[in-house]
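Here the structure comes first, spelled out in structure tokens, and everything after it is commentary.
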Amino acid sequence: MLIFSLQDIAVKWIGGDYPILEIVIFRSIIAMPCTLLFFYFEGQRGLPTTKHHKLEYVRGIFLFLSYTTHFMGLAALPLAEIASIRFSGPMMITFLSVIWLGEKVNTQRWLALIIGFFGVLLIVRPGSASFNMGSIFILLSTLFYALSVMVTRQLRTVDSSATMAYYSSLVYLVAAFILAPLATIIGTTPDTHSSLAFLFRAWSIPSIFDLIVMSGLGLVWASGMYFIARAYSSALASVVAPFEYITLPINVMWGFIIWREVPTLLTWVGALLTLLSGLYSLRQEQKP
């Protein structure tokens, strides 16, 4: 989560000048050899292979959609609010763990999930004057991420973490190249919402510094995804997921230091409800 916070800072810093798909392509080109290096550190040789190509590609698509929608939301929202909305991730993961993986969840944990859901509503505030469409993209990002976790759980016994990181990076690169012409075909107008503008903004040649930042995102992403895959391969999804709550204090810190962003009272209250919901779920999971 600390590694991924660095990614948010970099993209928010340069995202006003480039479309998200351009950043994804540069990042993925660097990420590919990084995943091969992780594969080598696992004691393997050659290129990663799998007998479950379909699952690996599905996982990669989910992660690509999660990554893209996350940064579309990042273009419109403060870091702390993004982290607070992503607190819905453990709720989605727990729910999908029941539906997809057949894990058992008791009544108390269902109640905790409902309370956490109300916390998310306080943060997003749908229908209010302060509602920002960027919130929808963050929620979509969280859902796609939760779906990728379900696939990770299925692959954990057959593919290594480096193999999963390699195939997801490959899907990112292919998907970004396929969708890149959208920026030229659709374009933007002065009234385009900042989230959509980040997707459809015209391509431009990056400066040397920005090129270094985009390329550095490849190392950041590859290492972050490797650790995520390791975490969800080592324990139940419903146990690992609540630890993602550390993103709030990290993002509050970066947002205040760099952009002087201060979360609203409703954001704090909603974040507290979802935090307590996740921590209670974790405590219930650890009971014998």
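When we follow this note's numbering, the leftmost residue of the sequence shown carries the number -11, and every step to the right adds one. Ideal Cβ positions, reconstructed from N, Cα and C, are used throughout, including at glycine.
### Task
Confirm, please, whether the CB-CB distance from residue 68 to residue 212 is below 8 angstroms.
no
#### Entry: Option in 75, 239 and 258 with minimal Cα separation from residue 250
239
### Message
Rounding to the nearest angstrom, what Cα-Cα distance links residue 70 and residue 20 in this structure?
### Response
The alpha-carbon atoms of residue 70 and residue 20 are separated by roughly 27 angstroms.
### Straight-line gap, residue 155 to residue 37 (C-alpha atoms, nearest Å)
9 angstroms
#### Entry: Simplified DSSP assignment, three categories, for residue 194
Here residue 194 sits in coil by DSSP.
### Query
Does DSSP put residue 40 in a helix, in a strand, or in coil?
coil
### Task
Within the same chain, show all residues whose beta-carbon is closer than 6 angstroms to that of residue 128, passing over the 5 residues directly before and after it, in chain order.
57
### Message
Considering only heavy atoms of the ligand COA, does any lie closer than 7 angstroms to the CB of residue 150?
### Response
No copy of the ligand COA appears in this structure; indeed no ligand is present at all.
### Of the listed residues 189, 209, 228 and 31, nearest to residue 277 (C-alpha basis)
Outside the displayed span of the chain (-11 to 276) sits residue 277, for which this structure offers no information.
### Query
Below 8 angstroms, can you find three or more Cβ-Cβ pairs linking the stretch 103 to 122 to the stretch 249 to 267?
yes
### Query
What is the DSSP secondary structure of residue 69, counted as helix, strand or coil?
helix
### Message
Alpha carbons only, please: which of 146, 191, 99 and 4 is nearest the one belonging to residue 167?
### Response
Measuring from the Cα of residue 167, the nearest candidate turns out to be 191.
### Query
With C-beta atoms as the reference, is residue 41 less than 8 angstroms away from residue 143?
no
### Task
Compute the distance between the beta-carbons of residue -4 and residue 62, then report whether it is under 8 angstroms.
yes
### Query
For residue 74, which option in 221, 134 and 6 has the closest C-alpha, if you only look at C-alpha atoms?
134
### Task
Kindly indicate which three-state DSSP category residue 181 falls into: helix, strand or coil?
coil
### Task
Please specify which runs of the alpha helix (DSSP H), each continuous and at least 4 residues long, are wholly inside the stretch 198 to 255, giving them in chain order.
225 to 228 and 235 to 247
### Query
residue 97 lies in the alpha helix (DSSP H); which residues open and close that run?
First-last of the alpha helix (DSSP H) with residue 97: 95 to 112.
### Query
By DSSP, does residue 6 sit in helix, in strand, or in coil?
coil
### Query
With burial defined as no fewer than 16 other Cβ atoms inside 10 Å of the residue's Cβ, what is the status of residue 177: buried or exposed?
exposed
### Task
Just mark residue 15 as buried or exposed, buried being the case when its beta carbon has 16 or more other beta carbons within 10 Å.
buried
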